[in-house]
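Residue numbers (the numbering used here), protein chains in the order written: chain A, -19 to 320; chain B, -19 to 320.
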DNA sequence: TTGAAAGCGCTAACAG
DNA sequence: CTGTTAGCGCTTTCAA
């Protein structure tokens, strides 16, 4: 009476369905795959057997046979960072449109973990990879996989020496625009709080900061520049030292989301009102008093472009590898328009 | 000269390695799997061949053969919602510890999409599922998969009629605590802005709101209660109407993150200072003036517990299905302590 | 220790 | 149209 599903997976297979319907497995396969060339009678019989047994095609087996995984891998720094979760959202959207499943992971900036996850994706033979590459010297394994034919798109930062499509934000231009904006409002002492000095985004944003100052003929004062250390944003003391010092800044440029909220938190404890422009937009930037002016990146577009690029490669596009740089936009909300 | 990789995947297989090393495929398999019972000489030969060919085991094939997927599926409402991205982070962490890959997807509250993704996960024969179930009548497919032996854990809301482990927040208790807090500060006219009325979390939070009022002997005024409609939080007009009306509220309870930020945005445009307690903690809640008092959920714990529950089931734990309800905590930051 | 061979569940020729 | 058969790349008896 009870159906006899195959022992290993615990679920009925096409063989079980075929037996039950009194047909061959290929007929079952055809019905399941929507192949038209099956007689109505057999189609019905197969459908019945499928329903009775509760059969559901094993797509892993299917994929193995077909040689395509119908899935892509996404490696970001951290899902809980709004920048990356928006990228994820966009990639999910595109993958969904393409009926591709998404395997996702966060490196948490751990190069070893990034390596582990990327290799795990490759071992699963995903169709392609979208990666925020680890800031690491040892990317040999990436090169190997690339040479082995794994399609990949890098986001947020490039991998020097590797030929692959890359989608970046215009970090230099964005930072420069932020600082120019502050200069235009009369500021000449502009502090800079940013992420770790070694990071690609940070390096470029500080570069933009410097360029803006230099273009305005303002000398660069290293004591105004502070970076996070090992993920810790200890800006309270340096900020206090600057503000209570002899020649305090009148404005602040923050190099990313976390730097902005850290500084915001400190400033809310002090009477001073400094001008502020932050890199990266964030929820409630308009609710804080005054509203926080920002250089907005476009993570949704970044994710969407990366995913579309990947899928077009998978579709056979073999045009030269390209690097796409996304423009930023300055959103004025008040904090950046405070005059010196 | 060039190695001859197998044609379909484009990558060398164990057969290629075996041929090259002059051994049998099972020897290669043993070496790759770290089986000790292989002579040093052959081990070396295999290692060499692997390196020369750039062989990487196809884990999909491996999984098919072994019958375990070493991957789990996670379906949430939306990755870009901090509540769910924190859940994702916790699940990622546990999955990583268990060397399991994570397939993730967002339903965006679309029951059809939820269905599609869940069935896709099942078709891939993931080892188990962590799901924010769609608020939908037709969950027959879920029951079927459950009966077919797919292990699943529901988070954030239960599925009535389905026997599966579930992890919830104490929505009623949290909301009640929020409103009791406001009442304790002298408020008797407390408005309530919340998510769609039909949703599990919303229903329970409004219930907690009502319970607190009733317990204090305060009659419930339906005109004080407003819900979002189809994902749109149009609270500006109802709030204005209440504040400009005859008997305005002196406090507000918001039923989730988005309601809180919407109300916060409106209040920042008005001179009035209302007391406010919001359900869900959020970044910068302490930076806004005054700091926003909240009922904090614990998404990291929710994700971690759900994932651990799932893996313990996969490890063979067959104790009765359980529902775990997570306590909330009230974080006082100022807005909730404003007196009537 | 080792290799041959039988599958995991599915698809895709290839004959009928 | 349909069924038989040979794999996809791997693991795992089973003999040797």
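Every residue, glycine too, gets a C-beta built ideally from N, C-alpha and C. Because the structure is a prediction, the values reported are computed rather than measured.
Note to self: With a threshold of 8 angstroms between beta-carbons, can residue 40/B be considered close to chain A, or not?
What the structure shows: Position 60 of the second chain, counted from the first residue, corresponds to residue 40/B. Output row for residue 40/B: interface = yes.
Margin query: Assess contact between the segment 65 to 78 of chain A and the segment 275 to 293 of chain A, defined as three or more Cβ pairs (one per stretch) separated by less than 8 angstroms. Is contact present?
Written below: yes
Next item on the list: Output, in chain order, the set of chain B residues within a Cβ distance shorter than 9 angstroms of residue 269/A.
Entry: As a working mapping, residue 269/A is identified with position 289 in the first chain. Per Cβ cutoff of 9 angstroms: 248, 268 and 269.
Notebook entry, point to check: In whole angstroms, what separates the C-alpha of residue 185/A from that of residue 216/A?
Noted result: Locating residue 185/A in the first chain gives position 205, counting from the first residue. Locating residue 216/A in the first chain gives position 236, counting from the first residue. The alpha-carbon atoms of residue 185/A and residue 216/A are separated by roughly 21 angstroms.
Check: Could you give the distance in angstroms between the alpha-carbon of residue 44/B and the alpha-carbon of residue 180/B?
Finding: For the purposes of this step, residue 44/B is identified with residue 64 of the second chain, where counting begins at 1. For the purposes of this step, residue 180/B is identified with residue 200 of the second chain, where counting begins at 1. Their Cα atoms are separated by approximately 38 angstroms.
Notebook entry, point to check: Should residue 271/A and residue 235/A be called a contact, given that it needs their Cβ atoms to be closer than 8 angstroms?
Noted result: By one-based count along the first chain, residue 271/A stands at place 291. By one-based count along the first chain, residue 235/A stands at place 255. Cβ distance not < 8 angstroms, so residue 271/A and residue 235/A don't count as in contact.
Next item on the list: Note down, in chain order, all residues in the segment 29 to 57 of chain B with a beta-carbon under 8 angstroms from any beta-carbon belonging to chain A.
Entry: 34, 36, 37, 38, 39, 40, 41, 43, 44, 47, 49 and 51
Check: Given that a residue counts as buried once 16 or more other Cβ atoms are within 10 Å of its Cβ, and exposed if not, what is residue 206/A?
Finding: Locating residue 206/A in the first chain gives position 226, counting from the first residue. Looking at its Cβ environment, which holds 16 or more other Cβ atoms inside 10 Å, residue 206/A is buried.
Next item on the list: Using a cut-off of 8 angstroms between C-beta atoms, extract the partners of residue 263/B located in chain A.
Entry: If you number the second chain from 1, residue 263/B lands on position 283. Ordered by position in chain A, the residues that pass the 8 angstroms Cβ test against residue 263/B are 241, 262, 263 and 264.
Check: Apart from the five residues on each side of it in sequence, which residues of its chain come closer than 6 angstroms, Cβ to Cβ, to residue 35/B?
Finding: If you number the second chain from 1, residue 35/B lands on position 55. Closer than 6 angstroms at the Cβ level, and outside the excluded window around residue 35/B, lie -8 and -3.
Margin query: On the CB-based measure, 16 or more other CB atoms within 10 Å of its CB, does residue 209/A come out buried or exposed?
Written below: Taking the first residue of the first chain as 1, we reach residue 209/A at position 229. Looking at its Cβ environment, which holds fewer than 16 other Cβ atoms inside 10 Å, residue 209/A is exposed.
Notebook entry, point to check: Is DSSP giving residue 320/A helix, strand or coil here?
Noted result: Looking up residue 320/A in the first chain gives position 340. If DSSP states are grouped into helix, strand and coil, residue 320/A belongs with coil.
Notebook entry, point to check: Expressed to the nearest angstrom, what Euclidean distance is found between the alpha-carbon atoms of residue 230/B and residue 289/A?
Noted result: For the purposes of this step, residue 230/B is taken as residue 250 along the second chain, with counting starting at 1. For the purposes of this step, residue 289/A is taken as residue 309 along the first chain, with counting starting at 1. One C-alpha to the other measures close to 53 angstroms.
Check: By how many angstroms is the C-alpha of residue 147/A removed from the C-alpha of residue 266/B?
Finding: The count along the second chain starts at 1 and reaches residue 266/B at position 286. The count along the first chain starts at 1 and reaches residue 147/A at position 167. When rounded, the distance between both Cα atoms is 34 angstroms.
Notebook entry, point to check: So, residue 159/B versus residue 170/B, is the Cβ gap smaller than 8 angstroms?
Noted result: Within the second chain, numbered from 1, the residue matching residue 159/B stands at position 179. Within the second chain, numbered from 1, the residue matching residue 170/B stands at position 190. Going by C-beta atoms, residue 159/B is nearer than 8 angstroms to residue 170/B.
Margin query: Quick check on the DSSP output: the alpha helix (DSSP H) that includes residue 49/A runs from which residue to which?
Written below: Residue 49/A sits at position 69 when you count from the first residue of the first chain. No alpha helix (DSSP H) holds residue 49/A; DSSP gives it neither H nor E.
Checklist line | Proximity below 8 angstroms, CB of residue 198/B to CB of residue 110/B | finding: Within the second chain, residue 198/B is the residue found at index 218, counting from 1. Within the second chain, residue 110/B is the residue found at index 130, counting from 1. No, the Cβ-Cβ distance between residue 198/B and residue 110/B is not below 8 angstroms.
Next item on the list: Grab the span of the beta strand (DSSP E) containing residue 133/A for me, first residue to last.
Entry: Along the first chain, read from residue 1 onward, the residue named residue 133/A stands at position 153. Here the beta strand (DSSP E) through residue 133/A covers 131 to 135.
Notebook entry, point to check: Can you give the Cα-Cα distance for residue 154/A and residue 102/B, rounded to whole angstroms?
Noted result: If you number the first chain from 1, residue 154/A lands on position 174. If you number the second chain from 1, residue 102/B lands on position 122. Their Cα atoms are separated by approximately 44 angstroms.
Checklist line | CB contact check: residue 155/A to chain B, cutoff 8 angstroms | finding: For the purposes of this step, residue 155/A is taken as the residue at position 175 of the first chain. No, its Cβ sits nowhere closer than 8 angstroms to a Cβ of chain B.
Checklist line | chain A contacts from the segment 81 to 94 of chain B (Cβ-Cβ distance under 8 angstroms) | finding: 81, 82, 83, 84, 85, 86 and 93
Note to self: If I measure Cβ to Cβ from residue 125/A and keep anything under 6 angstroms in the same chain, skipping five residues before and after, which residues do I get?
What the structure shows: Taking the first residue of the first chain as position 1, residue 125/A is located at position 145. Correct list, in chain order: 102.
Notebook entry, point to check: Among all the DSSP beta bridges, which residues are the ones paired with residue 206/B?
Noted result: Here residue 206/B corresponds to residue number 226 of the second chain, with the count starting at 1. 173/B.
Next item on the list: Answer yes if the segment 134 to 148 of chain B comes into contact with the segment 297 to 316 of chain B, meaning at least three C-beta pairs across the two stretches below 8 angstroms, and no otherwise.
Entry: yes
Notebook entry, point to check: Less than 8 angstroms separating the beta-carbons of residue 219/B and residue 200/B?
Noted result: As a first step, residue 219/B must be located in the second chain, where it is residue number 239. As a first step, residue 200/B must be located in the second chain, where it is residue number 220. No, these two residues do not count as a Cβ contact at 8 angstroms.
Next item on the list: Return helix, strand or coil for residue 6/A, following the three-state DSSP convention.
Entry: Within the first chain, numbered from 1, the residue matching residue 6/A stands at position 26. In this structure, residue 6/A counts as helix in the three-state DSSP scheme.
Next item on the list: Determine the contact status of residue 104/B and residue 81/A, defining contact as a CB-CB distance below 8 angstroms.
Entry: Residue numbering aside, residue 104/B sits at position 124 when the second chain is read from its first letter. Residue numbering aside, residue 81/A sits at position 101 when the first chain is read from its first letter. Yes, the Cβ-Cβ distance between residue 104/B and residue 81/A is below 8 angstroms.
Check: With a cut-off of 8 angstroms, does the C-beta of residue 317/A fall near any C-beta of chain B?
Finding: On the first chain, residue 317/A is found 337 positions in, with the first residue counted as 1. Closer than 8 angstroms: no.
Next item on the list: List the DSSP bridge partners of residue 232/B.
Entry: Residue 232/B sits at position 252 when you count from the first residue of the second chain. Paired residue(s): 171/B and 256/B.
Notebook entry, point to check: Among all the DSSP beta bridges, which residues are the ones paired with residue 192/B?
Noted result: If you number the second chain from 1, residue 192/B lands on position 212. Beta-bridge pairing links residue 192/B to no other residue.
Check: What are the start and end residues of the alpha helix (DSSP H) that includes residue 153/A?
Finding: Here residue 153/A refers to the residue found at position 173 when the first chain is read from its first residue. 151 to 164 is the span of the alpha helix (DSSP H), which, as asked, contains residue 153/A.
Check: So which residues on chain B does residue 129/A lean against when the C-beta distance must stay under 8 angstroms?
Finding: Within the first chain, the letter at position 149 stands for residue 129/A. What residue 129/A touches in chain B: -10 and -9.
Notebook entry, point to check: In whole angstroms, what is the alpha-carbon distance linking residue 300/A and residue 127/A?
Noted result: For the purposes of this step, residue 300/A is taken as the residue at position 320 of the first chain. For the purposes of this step, residue 127/A is taken as the residue at position 147 of the first chain. Roughly 15 angstroms between the two C-alpha positions.
Margin query: Distance check for residue 165/B and residue 316/B, CA to CA, integer angstroms please.
Written below: Translated into the one-based positions of the second chain, residue 316/B becomes position 336. Translated into the one-based positions of the second chain, residue 165/B becomes position 185. Each residue's alpha carbon lies about 8 angstroms from the other.
Checklist line | Selection from 98/B, 79/B, 50/B and 89/B that minimises the alpha carbon distance to residue 59/B | finding: In the second chain, residue 59/B corresponds to position 79, counting from 1. The shortest Cα separation from residue 59/B among 98/B, 79/B, 50/B and 89/B belongs to 89/B.
Check: By the criterion of Cβ-Cβ separation under 7 angstroms, what are the contact partners of residue 104/B in chain A?
Finding: Numbered from its first residue, the second chain carries residue 104/B at position 124. Within chain A, the residues near residue 104/B are 39, 40 and 81.
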